[in-house]
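Novice:
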Amino acid sequence: MEELKYLEGNRVYLRSLTESDYGEKMVKWVNDKEVTRYLARGSRPGSLIELQAEYKSYSFNQADVVLAICDAKTNEYIGVVGLYTINPMARHAEFRILIGSKAHWGQGYGAEATELIVAYGFRILNLEKVWLGVNSENQKAHKSYTDRGFKTEGTLRNELFRNGRYFDIVRMSLLRAEFEENLLKWKSKDYIAKQLSAL
Ligand SMILES: CC(C)(COP(=O)(O)OP(=O)(O)OC[C@H]1O[C@@H](n2cnc3c(N)ncnc32)[C@H](O)[C@@H]1OP(=O)(O)O)[C@@H](O)C(=O)NCCC(=O)NCCS
1 MEELKYLEGN
11 RVYLRSLTES
21 DYGEKMVKWV
31 NDKEVTRYLA
41 RGSRPGSLIE
51 LQAEYKSYSF
61 NQADVVLAIC
71 DAKTNEYIGV
81 VGLYTINPMA
91 RHAEFRILIG
101 SKAHWGQGYG
111 AEATELIVAY
121 GFRILNLEKV
131 WLGVNSENQK
141 AHKSYTDRGF
151 KTEGTLRNEL
161 FRNGRYFDIV
171 RMSLLRAEFE
181 ENLLKWKSKD
191 YIAKQLSAL
């Protein structure tokens, strides 16, 4: 499905979703306790029918842009990333990412997918702010966002109940000016310049 490539990086490309992306593979991911360890998702069993409804909802509304993350070398579908509940007046959106393929963890795939979709949000959707909520104990995710310039807005105490206890959620955001400043340090900056700059 290379023909559906939408944004390209070095290790990953992001492509349009297809119905099968919200199929068996995704069912496996959302029921994998390691994958959902720090998320709200996973508290209830995920089903195919529920995921198919989710896919349809993303396809038919303008408020969410969700893309499949693929390994650029093998074309393997490894996860999803998106900007959700896009608010056209205040021009902000929520960032979320899930790399379900654990074999791909810790090798820069998540960081690169984050850079590409965030740049898309500012440069194409004309957002002023991209925000997110991260479990305070999800060190890898938290480091990735901090390293890309996201700032903490506050802590939502005991916001998430998972596996018998509460977790704090850290709300973070990146403003447009901060994005432009941090972009200079991003590994994907040349890919972003090539695809998301005025010609
Ligand atoms: C969180 C997630 C997106 C990170 O993606 P990834 O490809 O595994 O991580 P990356 O290799 O891109 O590393 C991200 C950062 O974490 C750092 N890191 C990697 N492993 C780490 C670890 N075990 N502990 C702390 N930091 C770590 C890296 O150095 C990197 O920082 P840098 O890019 O500034 O150098 C991915 O693991 C995932 O989807 N997990 C399951 C769902 C989830 O937790 N989603 C996030 C919800 S907020």
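Take the sequence shown: its letters are residues 1 to 199, numbered as in full-length UniProt numbering. For each residue, glycine too, the CB sits at the ideal point set by N, CA and C. From a predicted model like this one, the values you see are computed outputs, not experimental measurements.
Just list the residues that DSSP pairs Trp131 with in beta bridges.
Specialist: Paired residues: Glu94 and Ser173.
Novice: Taking one C-beta from the region 46-62 and one from the region 13-33 each time, how about it: are there three or more such pairs within less than 8 Å?
Specialist: Output reads yes: the region 13-33 touches the region 46-62.
Novice: Based on DSSP bridge pairs, tell me the residues matched to Arg15.
Specialist: Arg15 pairs with Lys5 and Ala68.
Novice: Assuming Asn135 and Phe161 are in contact, meaning their beta carbons sit under 8 Å apart, how far apart are those beta carbons, in whole angstroms?
Specialist: Actually they are not in contact, since the Cβ atoms of Asn135 and Phe161 sit about 12 Å apart, beyond 8 Å.
Novice: Considering only the beta carbon of each residue, do Leu132 and Arg157 sit closer than 8 Å?
Specialist: Not closer than 8 Å, so no.
Novice: Quick check on this structure: which residue in Gln139, Asn163, Arg171 and Lys33 has the alpha carbon closest to the alpha carbon of residue 210?
Specialist: What the structure shows of the chain is the stretch from 1 to 199, and residue 210 is not part of that stretch, so it cannot be assessed.
Novice: Looking only at DSSP bridge pairs, what is Leu156 linked to?
Specialist: Beta-bridge pairing links Leu156 to Ile169.
Novice: Under 7 Å from any heavy atom of ligand 1, does the C-beta of Trp105 make it?
Specialist: Yes.
Novice: Under the three-state reduction of DSSP, which class applies to Tyr22: helix, strand or coil?
Specialist: The answer is helix: DSSP assigns Tyr22 an H, G or I state.
Novice: Let's test the definition: count the other Cβ atoms within 10 Å of the Cβ of Gly79 and tell me whether it reaches 16, buried, or not, exposed.
Specialist: Counting Cβ neighbours within 10 Å, Gly79 comes out buried, since at least 16 surround it.
Novice: Indicate whether the contact test is met: 3 or more Cβ pairs, each with one atom in the region 95-109 and one in the region 63-76, closer than 8 Å.
Specialist: Touching, yes, given that three or more Cβ pairs across the two stretches are closer than 8 Å.
Novice: Would Tyr145 and Leu196 qualify as a contact pair, given that the criterion is a beta-carbon distance under 8 Å?
Specialist: No, they are not a contact pair.
Novice: Using three-state DSSP, classify Arg148 as helix, strand or coil.
Specialist: Reduced to three states, the DSSP call for Arg148 is coil.
Novice: Less than 7 Å separating the Cβ of Gln139 from some heavy atom of ligand 1?
Specialist: For ligand 1, at least one heavy atom lies less than 7 Å from the Cβ of Gln139.
Novice: Below 8 Å on the Cβ atoms is my guess for Glu112 versus Arg11; work out the distance and round it to an integer in Å.
Specialist: So it is a contact: roughly 5 Å between Cβ atoms.
Novice: Count the other CB atoms, across all protein chains shown, that sit within 10 Å of the CB of Ala90; report buried if there are 16 or more and exposed otherwise.
Specialist: Exposed is the call here.
Novice: Please classify Arg44: is it buried, with 16 or more other beta-carbons within 10 angstroms of its beta-carbon, or exposed?
Specialist: By the neighbour-count rule (16 or more Cβ atoms within 10 Å), Arg44 is not buried but exposed.
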